[in-house]
Amino acid sequence: LLEISDNFRADEILREKVLKSEKVIPLLKHKVLEAKGDGLFLKSIAVENLETKQKYELEVEGLFVEIGLEPNTKLAEKLGVLLTSRGEIIIDCNNRTSERGIYAAGDCTNIFAKQIITAAGEGAKALLSIYHDLTYGISSWI
586 LLEISDNFRA
596 DEILREKVLK
606 SEKVIPLLKH
616 KVLEAKGDGL
626 FLKSIAVENL
636 ETKQKYELEV
646 EGLFVEIGLE
656 PNTKLAEKLG
666 VLLTSRGEII
676 IDCNNRTSER
686 GIYAAGDCTN
696 IFAKQIITAA
706 GEGAKALLSI
716 YHDLTYGISS
726 WI
């Protein structure tokens, strides 16, 4: 488990459970430099210890990338869009925000599942909503 900062930012209960596992090697202040494979499968990753600047390779069978836990919604906030207490943009089922003409999609919104596939679907849904609202007019707004 690699983390670029000096602490693992996650739910405390989940963090403790993961770090207690004998299968997990926690590496703080490390970053992935390169994913290496045979053209078909991932075989290893090149990593760097950010304190010592030492670079080395780890054999792996998989890689899950998680970048950032806090949504970057500063622009939406400046535009007056309503946010949740966690800083997520509040949207309706048509991806409309609290401000007329502003739509949002993906992990920065208050959707349930924050996954690549759902974010892509939400993006497509937002585009369809924009098209519909521009073509037929907006019947309601949140």
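Counting in the working numbering, the sequence shown runs from 586 upward without gaps. We put the beta carbon where it would ideally sit given N, CA and C, even for glycine.
Contacts around residue i, its chain only, beta-carbon distance under 8 angstroms, and the 5 residues preceding and following it disregarded
i, result
"Glu673", "Pro656, Thr658, Cys693, Thr694 and Asn695"
"Val645", "Leu627, Lys628, Ser629 and Ile630"
"Glu707", "Asn680, Ala690, Gly691, Thr694 and Ile696"
"Leu668", "Thr658, Ala661, Glu662, Ile674 and Ile675"
"Ser590", "Leu613 and Lys614"
"Pro611", "Leu586, Glu588, Phe593 and Leu604"
Classification of residue i by the beta-carbon crowding that lies within 10 angstroms, buried from 16 upward
i, result
"Ala709", "exposed"
Residue i versus residue j: straight-line alpha-carbon distance, rounded
i, j, result
"Lys614", "Lys699", "25 angstroms"
"Glu588", "Ile687", "34 angstroms"
"Lys616", "Asp718", "44 angstroms"
"Glu597", "Val650", "20 angstroms"
"Lys638", "Lys621", "20 angstroms"
"Ala595", "Thr720", "43 angstroms"
"Phe593", "Thr703", "25 angstroms"
"Leu729", "Leu648", "Since the first residue of the chain shown is 586 and the last is 727, residue 729 is not available in this structure."
heavy atom of the ligand SAM below 7 angstroms from residue i C-beta
i, result
"Leu667", "The ligand SAM is not part of this structure, which contains no ligands at all."
For residue i: DSSP bridge partner residues
i, result
"Ile630", "Ala620 and Leu643"
"Val615", "It should be noted that the sequence gives His, not Val, for residue 615. Bridge partners of His615: Asn634."
"Ile674", "Leu668 and Thr694"
"Glu684", "For Glu684, which the question treats as bridged, DSSP gives no partner whatsoever."
Contact set for residue i: own chain, Cβ-Cβ below 6 angstroms, skip 5 residues either direction
i, result
"Val609", "Leu586 and Val603"
Own chain partners of residue i with C-beta closer than 7 angstroms, once the 5 adjacent residues on each side are dropped
i, result
"Gly665", "Glu684"
Exercise. With a cut-off of 8 angstroms, do at least 3 Cβ pairs link the segment 675-686 to the segment 706-714?
Worked result: yes
Count Cβ pairs between the segment 630-644 and the segment 594-603 that sit closer than 8 angstroms; are there 3 or more?
no
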